[in-house]
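Q:
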Amino acid sequence: MTELVVENVEKWLGGLKILSGACFTAEKGRIVALLGASGSGKTTLLRCIAGLEQPEIGRIVIGGKTVLDGEAGIALPPEAREIGLVFQSYALWPHRTVFENVAYGLRLRKRPAAEIKTRVETILDKLGLAHLAARYPDQLSGGQQQRVAICRALVYEPKVLLLDEPLSNLDAKLREEARFWIRKLILELGICAIMVTHDQGEALAIADHVLLLKGGSIVQDGTPIQIYGQPTSFYAADFMGTNNVLSGAYEAQADGGVVIRCEGWSLPGIWRDAEPPRDASDIRAVVRVETIMVSSEPTATSQPLDVEGCIYLGDKWEYRLRRGSVRLRAQGASELSSLVAHCTVQPASTWLFNP
Amino acid sequence: MSLANDAPRFRAGVILALFAMVAAPALLVIYQSVLDAPFFDDNVRFSLDAFRFVLTDPEFYRALWTTTLYAFGMVVVAVPLGGLLAFLITRTDLKGRKWLEPLVLVPMFLSSIVLAFGYTVSVGPSGFVTIAFKSLFGAAPWSIYTLPGIILIGGLSHVPTVYLYVASAMRRLPSDLEEAARTAGAGIWRVSLDVTLPMVLPALVFSAALNLLLGFETFGIPLVLGDPNGILVLTTYIYKVNTIFGAPTYQVMAAVTVFLILITLPLVFIQRRLLRHARRFAAVGGKGARTNLLRLGSTGQAVALGLIGLWLLVSVFFPVGGIVLRAFVENWGEGVRLTEQLTLANFKAVFEIPSLSRGILNTILLAGVGGAIAVAFYLLVGLAGHRNRGRSGTLLDYSVLIPRALPGLIVGLTFFWLFLFVPFLIPLRATLISLLIAYIIVGLSYGLRIIQSTLLQVAPELEESARITGASIYRSWRDVVIPLVKPGLAGAWAMIMIVFLREYATGVYLMSSGTEVIGSLMVSLLTSGAMDQIAALSFISIALTAVGLTLALRLGAKLHD
Amino acid sequence: MITRRHVVAGAGALTAAAMAGNRPALAQGIPAGYSADYKDLVDKAVKEGAVSIYTSTDDVQGRPLIEAFRAAFPGIRVDYNDLGTNGAYNRVISEAAAKQVGSDIVWTSAMDLQMVLVSKGQAETYKSPEAAQLPAWANFNDQLYATSVEPVAIMYNKSMLGALKPPQTRAELIAFLQTNKETLKGKVASFDPEKSGSGFLFFNNDARTTTDTWELVKAFGGTDPKVYGSSGAMREKIASGEHWIAFNLIGSYAIEWAKKNSNLGVVLPPDHAAAFSRVANISKGAPHPAAARVFLDFLLSQRGQTAMAGSGAPSIRTDVSEGLNIAKLNEMAGGKLKPIPVSAALLEASDPKTRAEFFQKWKQALRG
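Okay, here's the thing in structure tokens:
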């Protein structure tokens, strides 16, 4: 069931367009991630959905109710949108206890006291916070605060749950845990969730659907696997993963294959861009670091490259390689002892795009 | 547009009401200035005679020149001293700086009329300090009735305003900037000159502009100290043109006020722009909380403490000592043995005369209860302007500026008329409410600034999360914003209380039997010359201020923003 | 909310009653010599319940009068507003224009401003039963009454003056200022006619009635003169020794101050015994017309005048034994007391041209 429809949302800040016609829908029981670098408009889009910002143009429907319609002049305030929002800073009210923080939404909805008590206690219990009900936010750890914020946003069963960088204030270990339990919780409750993040790992791990934003518009949307494995633009390909980016000229081969010609080196690849090459003399190749195979001995498909250095990363080694003016990063299990390494760059992993 | 359009009716309503309250006096003054008689006169006509008179009156130019000298002189005295004090107290390991701080601010909390009066008793030609000095050194080489004397006193009394701004800028200054310079090999004084000074320059410039403004509107000090030598500034000139024609000539008063507005309004604008810049500048610095203090060394300590001691002696001890002394004697001066003169008669008279004792009560009421009402009003205005980026927000910004450009005396006079001629206000005229409304306007920019900076400390997400959870904007103010700023409000209340305690010019025309207030009683007693009662009232005013200040500090009032 | 409250504390009534002790108290009764129907007026006044006074006489000095009135008419509350001369004038004309008259009695020392109010039709005509007891010059058309006689005086600090012999006459004062010019630099004070209505009244009257006024001002100008807006401010400076001598200040105050401070000397120069009066009128459209009449009568009556004279405003009646009265003052001035009459001539003082001319001469003379 479609819980959220965002249609052609445009938002200006002075003369600057920060959202240019974002469109997407989100389903019940699914998690959508808005992914992008800072300044991509992802947070603005989230705030527009929440009603905290007012777009000039566009339509937003939450749970079948139109909350924004630029043409019809409808713009419901946030409190009328039946949403929950988990802020990056959690925004727990410091003058209220955990219980009061969570209960506030139910109080506003004038639920009977007994019901409030059970519902708040149930959700606190579910997130392992029952023993902290009487505490004030400043007496909680970061992870606990985050869970309280989630309880507060969920307790009144909003149609859509919005999460603004929910993991960014946690330390690394907690973050990995949180990725898992937040996804589990949302799927269990079967609600529609929208999450803003700049961290691709987070987006891929939590979301069912990822929207990649750039400069206020959606560059690509799809499942995590599609976004990572089948980028349709240079931006999308380069944004995700750890990459080697090569510049060169486009050359079509007689056998129907495609080659990027760099200085003194040609690499066969596949054309991934949604559009045909605009300028054949200037295209980009994106090669994910993990797809390059490196060995000390030459193989049938390998090319020799000079080894500039090796960096120890704990679970693996990163190699810095060079051939002419082309520099490559690759990975392997052990340190390279020789001065020359032999690399295999597979055509299927050499994705070619317009710049 | 973000959420500015929330609660539009409330915001517009409050802001329009405020605008009406501040614009009415200003418009009335401008209207009166282009008439040839009081605006309520039957035969009144439009005329520029008032301006013609003012512009051809050599006294006006003299007053204008004196005012300019006074304003700039004050800046020259107050800014370096205030900056230095701020530096010593916030950036060095000066001994006793904790208790020095409230002490340094004392002159700010005294009405200038009280200060000036205290100075005549201590360092006037027959003051106790002057006499002691004369008996030690043969002569006392100063005179507080000359323009330099008045400027010096005015400047010294405004050191705290400079101190406040510079000290808060210095506190925000991250100490790593200074440490970086020190590790690069610069000594303390080098660092202060090369790093600290440029970083707090915006605050210094801002406080200079503020003092310039205060200088142009100064009233109490020239009123008392300029009297014998006929030194006039613009505000006392306004006071005097009243008598020079025999009967009050409002059009001339109004015309002079219009000139005053023309001078001060640009200053207010400059000040506002500077403030914006200063904030931006201060925001550049990262975490400024942990500052490492510069070591002064024992010689440095002695010099610094000596300097501050001297300043405190002159700025606090002399005037306050003068008042305290005068309050308990009837005669003083050369050849008078003060020990024989000690008496409680001055206080006895104050408490026996109904209007004076009522004045004390009214002042306490107006400061305490009225101060609380004022804070509530400022809070309403603050909320109306809170995160308001709409057009009404701009109107609010300008509304706050207007009263800054009007002297309190004129605000009082125009409100007297408003309460007389505006039908629905008439019943309020003979009550303290009329005074309270005028006080609220006079204290607007100060009070609102305290409230606004308190409101801004509430993180926006805390309000937004309430909205998301389902609270209307009013609910979010009631349930989140107001509870969170409550401690700040208590402090603001205490500060407003002090401002109201110290106010004197506003009530001069407004008060009547039953609504007397200390400050204005002093001005009206000054015209009949009842110095005994003035002294006693001044003493009581200082005592009340001390109580207010203690309360303010107890309530955690922030003396800085 | 806070509105007008009772002005006079109960305790005050005792002293007032004691002061009026030489006569049997006639609370609410008809004073001797008044017509029989005066009781109706008093009844009406009591029914009105209050009388509102705009004045320039400060609360300290006015209190005995108010307490005496309260003792005589306990049913009438007194709202006493010390507004200063300009303040009272301002409020009266403003309130009249707004049709919100708040004053019953306007009683100030600004004789000229009061006369302006009369000329603007802001004064009620009322023939007080006490009018017969007043000199003819003290009653203007039954609209404006003089209520005191207050000569101008010279006041000096005895110890500061030391060997210098204080001047006893106006002529001596001029000579004194001229001969001791250097010694007296910055030590001589007087009223500022620019800042003070009283100051203008004195000096302008002097200039019109005597020949040596500008000579005096010139001599004053030679001493690096200091001018003040009030007699009280001058007293403060004379008593403290900051100034040594002041002239043209209000003599009745000076006499009171000299009683309390033996270091102060006062001279009423017999060759120049000008005196001004505090003048009173009943406001047109007064909210308490009967009470206003009763108060005015009381102010002019022997009892009212006694109370006033006791707090330093010499009586205009010869039958007041408390303090000073017009006869005693005349005697002190060698029979040459010259009170400023309450007449239309006062209006001249408010004529802009007259004032401009005066100030021009004043500045010129001061410069020497």
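Residue numbers (this note's numbering), protein chains in the order written: chain A, 5 to 359; chain B, 503 to 1063; chain C, 1324 to 1691. Idealized CB from N, CA, C, for every residue including glycine.
Report all residues from its chain with a CB closer than 6 Å to the CB of Ser300(A); omit the five preceding and five following residues, and keep chain order.
A: Ser342
Q: Is the beta carbon of Phe1002(B) closer than 7 Å to that of Leu868(B)?
A: Yes, the Cβ-Cβ distance between Leu868(B) and Phe1002(B) is below 7 Å.
Q: Please state whether the Cβ-Cβ distance between Leu807(B) and Leu769(B) is less than 7 Å.
A: No, the Cβ-Cβ distance between Leu807(B) and Leu769(B) is not below 7 Å.
Q: Since Ser967(B) meets chain A, which of its residues come closer than 7 Å, beta carbon to beta carbon?
A: Leu89, Phe91, Ala95
Q: What is the DSSP secondary structure of Val1643(C), reduced to helix, strand or coil?
A: coil
Q: Pull up the DSSP beta-bridge partners for Val200(A), would you.
A: Leu38(A), Asp168(A)
Q: What residues in the stretch 1578-1592 of chain C have a beta carbon less than 8 Å from any beta carbon of chain B?
A: Lys1583, Asn1584, Asn1586
Q: With distance defined between alpha-carbon atoms, name the residue in Val1415(C), Arg1400(C), Ser1585(C) nearest to Pro1436(C).
A: At residue 1436(C) the sequence reads Leu, which differs from the Pro that was named. Ranking Val1415(C), Arg1400(C), Ser1585(C) by Cα distance to Leu1436(C) puts Val1415(C) first.
Q: Counting pairs of Cβ atoms below 8 Å between the stretch 1381-1400 of chain C and the stretch 1025-1035 of chain B, do you hit three or more?
A: yes
Q: How would you call Ala791(B), buried or exposed, if buried means at least 16 neighbouring beta carbons within 10 angstroms?
A: Interpretation of Ala791(B) is limited by its pLDDT of 44, a score under 50 that renders its predicted location unreliable; the figure taken from the coordinates is listed afterwards. Counting of Cβ neighbours within 10 angstroms places Ala791(B) among the exposed residues, the total staying below 16.
Q: Distance check for Val152(A) and Ile210(A), CA to CA, integer angstroms please.
A: 19 Å
Q: Closest Cβ-Cβ distance between Gly972(B) and chain A: below 7 Å?
A: yes
Q: Look at Gly1564(C) and Ser659(B) and say whether their C-beta atoms are less than 7 Å apart.
A: no
Q: Please state if the CB of Glu312(A) and the CB of Arg326(A) are separated by a distance shorter than 7 Å.
A: yes
Q: Do you know whose CA, among Gln148(A), Thr303(A), Arg265(A), lies nearest Ile287(A)'s CA?
A: Arg265(A)
Q: According to DSSP, simplified to helix, strand and coil, what is Ile195(A)?
A: coil
Q: Taking the alpha-carbon positions, what's the Met999(B) to Pro909(B) distance?
A: 20 Å
Q: Are the Cβ atoms of Val1441(C) and Gln1423(C) separated by less than 7 Å?
A: no
Q: Does the distance from the C-beta atom of Glu965(B) to that of Val944(B) stay below 7 Å?
A: no
Q: Quick check: is the beta carbon of Met1033(B) nearer than 7 Å to any beta carbon in chain C?
A: yes
Q: Tell me which residues share the same chain as Ile120(A) and place their Cβ nearer than 8 Å to its Cβ, disregarding the 5 neighbours each side in the sequence.
A: Ala107, Leu110, Arg111
Q: By the three-class DSSP mapping on this structure, what secondary structure does Leu1349(C) have?
A: Confidence is the limiting factor: at Leu1349(C) the pLDDT is only 47, short of 50, which leaves the residue's position unreliable and the question unanswerable from this model.
Q: Report all residues from its chain with a CB closer than 6 Å to the CB of Arg1640(C); omit the five preceding and five following residues, and keep chain order.
A: Take Arg1640(C), set aside five residues on each side of it, and the residues of its chain with a beta-carbon closer than 6 Å to its own are Gln1456, Gln1628, in chain order.
Q: Quick one: complete alpha helix (DSSP H) runs, 4+ long, within the stretch 115-181 of chain A?
A: 117-130, 146-158
Q: Any idea if Met576(B) is buried or exposed, counting beta-carbon neighbours within 10 angstroms, 16 or more meaning buried?
A: buried
Q: Could you spell out where the beta strand (DSSP E) holding Leu271(A) opens and where it closes?
A: 269-275
Q: Determine the contact status of Gly892(B) and Gln954(B), defining contact as a CB-CB distance below 7 Å.
A: no
Q: Please list the terminal residues of the continuous beta strand (DSSP E) segment that includes Glu1505(C).
A: Note, Glu1505(C): premise wrong, no beta strand (DSSP E); not H, not E.
Q: Could you please give the first and the last residue of the uninterrupted beta strand (DSSP E) stretch that includes Val311(A)?
A: 307-316
Q: What residues in the stretch 1516-1539 of chain C bring their beta carbon closer than 8 Å to a beta carbon of chain B?
A: Glu1517, Lys1518, Ser1519, Gly1520, Phe1523
Q: Shortest alpha-carbon distance to Cys52(A) belongs to which of Gly68(A), Cys314(A), Leu17(A), Tyr94(A)?
A: Leu17(A)
Q: Beta-carbon of Gly109(A) versus every beta-carbon of chain B: anything under 7 Å?
A: yes
Q: Once the 5 residues before and after Glu680(B) are set aside, which same chain residues still bring their CB inside 6 Å of it?
A: Val693, Val697
Q: Within 7 Å (strictly less), CB to CB, does Lys1684(C) reach chain B?
A: no
Q: For Val578(B), which residues in the same chain have their Cβ closer than 8 Å to its Cβ, ignoring the five residues on either side in sequence?
A: Excluding residues up to 5 positions away in sequence, Gly657 lie with their Cβ nearer than 8 Å to the Cβ of Val578(B) in the same chain.
Q: Quick check: the Cα distance between Ile315(A) and Val298(A), rounded to an integer number of angstroms?
A: 15 Å
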